[in-house]
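Q:
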Amino acid sequence: MLNDQTIQELLPLYARGEVSEQQGREVDEWICRSTANRKMAEQYFRLEQLYSLAEASEKADTDNALHAIHSRMRQTRTRNALGWLKLAAAILSIPLLISTIWLSSEIRKQDSLPPVQIKSTVGMTTSTTLPDGTKVWLNSNSTLSYPIRFGSTREVTLDGEAYFDVAKDNGRKFIVSTGNMQVEVTGTEFDVEAYSDRGPEVRTTLVSGSVLLHCINAEGRIRTVQMSPGEQFCYNSETFKLSRRNIDGPGVTAWKDGKTILENTSLEDALRAIGNRFNIEFLVRNQALLSNRYTGTFSGQTLDVVLEHFKRTTKIHFDTDLKGADPDNISGRQVIIVY
53 MLNDQTIQEL LPLYARGEVS EQQGREVDEW ICRSTANRKM AEQYFRLEQL
103 YSLAEASEKA DTDNALHAIH SRMRQTRTRN ALGWLKLAAA ILSIPLLIST
153 IWLSSEIRKQ DSLPPVQIKS TVGMTTSTTL PDGTKVWLNS NSTLSYPIRF
203 GSTREVTLDG EAYFDVAKDN GRKFIVSTGN MQVEVTGTEF DVEAYSDRGP
253 EVRTTLVSGS VLLHCINAEG RIRTVQMSPG EQFCYNSETF KLSRRNIDGP
303 GVTAWKDGKT ILENTSLEDA LRAIGNRFNI EFLVRNQALL SNRYTGTFSG
353 QTLDVVLEHF KRTTKIHFDT DLKGADPDNI SGRQVIIVY
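Per my numbering, the very first residue in the sequence shown carries number 53; after that it's consecutive.
If you want it as structure tokens, here you go:
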């Protein structure tokens, strides 16, 4: 039985009819499970249909051109060589013009189509491959939007957290927009965390390569910072502050492999990682606890098991009683009090 992540990776191949019979049956069953699954599959079918139409049109235009030339040759065999060249050029130009007009029309249609939107459900991660070959992993409760076809730049919009393995394309920049900040790259691996319903902070962690951060400073001007591997920048869109720190180990990006890795990690960062994974809001009553450090790895455990581990190894307690927890919480996520 294939898991959700594997099936989603098979969707582009499924749309092209390039999966085995067994894989096809499992994808069919997955599509029928929910409306969200069906809509995701429809997006891949729509993309494949557009690409197939363009290829079919190009082939049809070529066949028509050859047929027209052969027909004319049979009718006017007495024309001289120069005349044939002029005639052939004229006949060829007609289907080529039609092809150009048709393809231009299709491009305009594609540009006017709504963007493709990939969503990951609560408690699940999703992976996909963009039209340019860039691989993307979405963390729990995240949304990625991108056009059916990229133009002179490759720009995507993120709400949530995603890990990007960007395909190299020296002629086109790859840009991740979060609403409050832009990350610009040409070919690299990095993580962006930008949940719109979890406050004004956007965190960017660079794994390899080089990226440029574009954000607005307190004077209203655009500030650009170049990152190096192993760095994490945190930008607050309300205070306009940009902070930097070094990140060691795979903890920040372990979520894409279904793990939560804590390596001498502060409670603040540990709760952030757990909250992102399970779509939970933690409210810490005792702020002194935030500096406590923890080490451990969680893979596949439920939220209850993870919290029980903290209870047994530390003096931390958790309470799901929401009375007076957070009157400003409008995200709809479960709130857990930490004390």
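For every residue, glycine included, the Cβ atom is placed at its ideal position computed from N, Cα and C.
(1) Among all the DSSP beta bridges, which residues are the ones paired with His392?
(2) In this structure, how does DSSP classify Asp80 when only helix, strand and coil are distinguished?
(3) At 3 residues or longer, what runs of the beta strand (DSSP E) sit wholly inside the stretch 243-328?
(4) Between Lys171, Asn331, Glu271, Thr205, which lies nearest to Thr30 when the distance is taken from Cα to Cα?
(5) So does the stretch 294-306 actually touch the stretch 326-339, counting three or more Cβ pairs closer than 8 Å?
(6) Is the shortest distance between the beta-carbon of Leu319 and the beta-carbons of chain C less than 9 Å?
(7) Taking the straight line between their C-alpha atoms, what separation do you get for Arg250 and Ile299?
(8) Between the Cα of Phe242 and the Cα atoms of Ser248, Gln284, Ile274, which residue gives the shortest distance?
(9) If you reduce the DSSP assignment to three classes, tell me which class Gln353 lands in.
(10) Where does Arg90 land, buried or exposed, given buried means 16+ other C-beta within 10 angstroms?
(11) Do Thr372 and Ile388 have their CB atoms nearer than 9 Å?
(12) State the start and end residues of the unbroken beta strand (DSSP E) segment that holds Asp211.
(13) According to the neighbour-count rule (16 or more other Cβ atoms, all chains shown, within 10 Å of its Cβ), is Cys84 buried or exposed?
(14) Tell me whether Lys171 sits in a helix, a strand or coil according to DSSP, three-state version.
A: In brief:
(1) Coverage of the chain is limited to positions 53 through 391, which leaves residue 392 absent and any answer about it impossible.
(2) Taking the first residue of the sequence shown as position 1, residue 80 is located at position 28. Under the three-state reduction of DSSP output, Asp80 falls in the helix class.
(3) Here the runs fully enclosed are 253-260, 263-268, 274-279, 283-288, 294-298, 311-318.
(4) The first residue shown for the chain is 53 and the last is 391, placing residue 30 beyond what the model contains.
(5) Output reads no: the stretch 326-339 does not touch the stretch 294-306.
(6) Absence of chain C from the displayed structure is noted, only one protein chain being present.
(7) Here residue 250 refers to the residue found at position 198 when the sequence shown is read from its first residue. Here residue 299 refers to the residue found at position 247 when the sequence shown is read from its first residue. C-alpha separation (whole angstroms): 22 Å.
(8) For the purposes of this step, residue 242 is taken as the residue at position 190 of the sequence shown. Checked all of Ser248, Gln284, Ile274; the closest Cα to Phe242 is Gln284.
(9) Here residue 353 corresponds to residue number 301 of the sequence shown, with the count starting at 1. It is coil, neither helix nor strand.
(10) Stepping through the sequence shown from its first residue, residue 90 is reached at position 38. Flag for Arg90 reads exposed.
(11) Taking the sequence shown and counting its residues from 1, one reaches residue 372 at position 320. Taking the sequence shown and counting its residues from 1, one reaches residue 388 at position 336. Taking 9 Å as the Cβ cut-off, Thr372 and Ile388 qualify as a contacting pair.
(12) Position 159 of the sequence shown, counting from 1, holds the residue named residue 211. Counted as a single uninterrupted DSSP element, the beta strand (DSSP E) harbouring Asp211 occupies residues 206-217.
(13) The residue labelled residue 84 in the question sits at position 32 within the sequence shown. Within a 10 Å sphere around the beta-carbon of Cys84 sit fewer than 16 other beta-carbons, which makes this residue exposed.
(14) One-based indexing of the sequence shown puts residue 171 at position 119. Reduced to three states, the DSSP call for Lys171 is strand.
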